[in-house]
Ligand code: SF4
């Protein structure tokens, strides 16, 4: 099990957050691509949410047609480079690779994908074409993966695109919320710059859309609007002591870490509450930042966790301790956190029950809440006739991604409640096609 020294410099931070999927060199890519069987009914394609023609791009790498390979990837997925690195390939394309049935390691599809797209981004090779102008304009709210994918696709269809972004940098959670050992800020921004240079969509930074008046202006000035607004801040638990110093949401914690690196100081003992992939990331990051003890506490059993098994294993290998069937009931301390009071739980008929007189306290100096993010419900209320479901997700047509207000389309976390970058990239692309159909019918 790894033990991490507290990083005091950028070099030490990089050492602790070494990229999980290193970039392949030419020789590795040549040999790895030679292993692909180019299956006739390739299950890897079916398992990819954007249905990239995986055997084709692998064949193109093998025949030294890296530009063609990158084109194959981007044609299906506008965030092809980021997805090659951050996608949970073990449960998607690589998990479906036929080699798994033969007890042979699957083709490293994600790393091959990253090899091709990274090369083409690095050499600044132009491969996209803006479509002939339709004279129509589309507004996109949010420059996360759904918004960026929607913008790229719309530009190839000949639309003018303005993206309204609340923050001062693009790509939403890819930049702010993905663990730094998965992808660096530089790599995320390079891909966006590469796309933007060729496709010429505009991003208006520091431009949050929060009022009815702003929405009405967009409705008058644009032919359609795409909502790629993602999710909001970490949801509150309504638990006593939640307002104490050093109680932080996981998304906010990861964002700060991604922006400030070694300059943020993590106290010695950290409790992370939650059982999803974000909880695993936050716990792993706390350990990599040199906390001497990081406890991951989940109110249900290990089997009930929403996190992928490999994400849990990664956190444990970074030195995180896990605690299951423990529900937090109070954050203790005066002004600052001093501990978390838990009660033990058990599952009865799939319902979670607390066990009487089983309270216990874990001492800590910091609590990271990874218990889900709030939805952007207050924005949705401002849009006429916009239907949302019981979980405050925007309802859309599954094929066109059009909402109940025909002028609005939506995709990404705003419609699925929180999924992978690749799902958002798919939604954005399909919504652009949906808008095109609607505007040209
Ligand atoms: Fe190649 Fe595996 Fe896909 Fe078959 S399933 S085409 S071997 S990557």
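Numbering (the numbering used here), first residue to last: 14 to 454.
Virtual Cβ for every residue (Gly too), placed ideally from N, Cα, C.
Since this is a predicted model, take the numbers as computed values, not measurements.
Could you tell me the boundaries of the beta strand (DSSP E) in which residue 423 lies? Here the question's residue 423 lines up with position 410 in the chain shown. Per DSSP, residue 423 belongs to the beta strand (DSSP E) from 421 to 423.
Reference residue 22; option with closest CA among 65, 144, 358 and 303: Your numbering for residue 22 matches position 9 in the chain shown. Nearest option by C-alpha distance: 303.
Let me know the secondary structure DSSP gives residue 450 once reduced to three states. Within the chain shown, residue 450 is the residue found at index 437, counting from 1. Of the three classes helix, strand and coil, the one that applies to residue 450 here is helix, per DSSP.
Nearest neighbour of residue 36, chosen from 93, 128, 25 and 68 [CA to CA]: In the chain shown, residue 36 corresponds to position 23, counting from 1. When each option's Cα is compared against that of residue 36, the closest is 128.
Look up residue 29 in the DSSP assignment and say whether it is helix, strand or coil. In the chain shown, the residue the question calls residue 29 occupies position 16. The answer is helix: DSSP assigns residue 29 an H, G or I state.
Classify residue 218 as buried or exposed, calling it buried when 16 or more other Cβ atoms lie within 10 Å of its own Cβ. Counting from one through the chain shown, the residue named residue 218 turns up at place 205. With fewer than 16 other Cβ atoms within 10 Å, it is exposed.
Under three-state DSSP, which class holds residue 150? Position 137 of the chain shown, counting from 1, holds the residue named residue 150. Residue 150 falls in the strand class under three-state DSSP.
With H, G and I counted as helix, E and B as strand and the rest as coil, what does DSSP make of residue 371? The residue you call residue 371 lines up with position 358 of the chain shown. In the structure shown, residue 371 sits in coil (DSSP, three-state: anything other than H, G, I, E or B).
Assigned secondary structure, residue 353 (DSSP; H/G/I helix, E/B strand, else coil): As a position in the chain shown, residue 353 is number 340, starting the count at 1. Strand.
Any idea if residue 378 is buried or exposed, counting beta-carbon neighbours within 10 angstroms, 16 or more meaning buried? Locating residue 378 in the chain shown gives position 365, where the first residue counts as 1. That one is buried.
Do you know how far the Cα of residue 343 is from the Cα of residue 372? Here residue 372 corresponds to residue number 359 of the chain shown, with the count starting at 1. Here residue 343 corresponds to residue number 330 of the chain shown, with the count starting at 1. Between residue 372 and residue 343, the C-alpha separation is close to 10 Å.
Rounded to whole angstroms, what's the CA-CA distance from residue 189 to residue 247? Just pull it up for me. Reading the chain shown from its first residue, position 176 is the one you call residue 189. Reading the chain shown from its first residue, position 234 is the one you call residue 247. Straight-line Cα distance between these residues: approximately 13 Å.
Is there contact between the stretch 111 to 128 and the stretch 88 to 98, where contact requires at least three CB pairs shorter than 8 Å? yes
Just the C-alpha distance for residue 223 and residue 283, rounded to the nearest angstrom, thanks. Mapped onto the chain shown, residue 223 falls at position 210. Mapped onto the chain shown, residue 283 falls at position 270. Spanning the two alpha carbons is a distance of roughly 35 Å.
For residue 332, the three-state DSSP class (helix, strand or coil): Position 319 of the chain shown holds residue 332. In this structure, residue 332 counts as coil in the three-state DSSP scheme.
Could you tell me whether the stretch 62 to 69 touches the stretch 131 to 146, using the rule of 3 or more Cβ pairs below 8 Å? no
In whole angstroms, what separates the C-alpha of residue 158 from that of residue 52? As a first step, residue 158 is located in the chain shown; it is residue number 145 there, counting from the start. As a first step, residue 52 is located in the chain shown; it is residue number 39 there, counting from the start. Going by the C-alpha atoms only, they are around 30 Å apart.
DSSP puts residue 215 in a beta bridge; with which residues? Taking the chain shown and counting its residues from 1, one reaches residue 215 at position 202. Paired residue(s): 175.
At what residue ranges does the stretch 88 to 126 contain a whole run of the alpha helix (DSSP H), taking only runs of 4 or more? 93 to 99 and 106 to 109
So, with DSSP's three-state summary, where would you put residue 232? Counted from its first residue, the chain shown places residue 232 at position 219. Correct three-state label for residue 232: helix.
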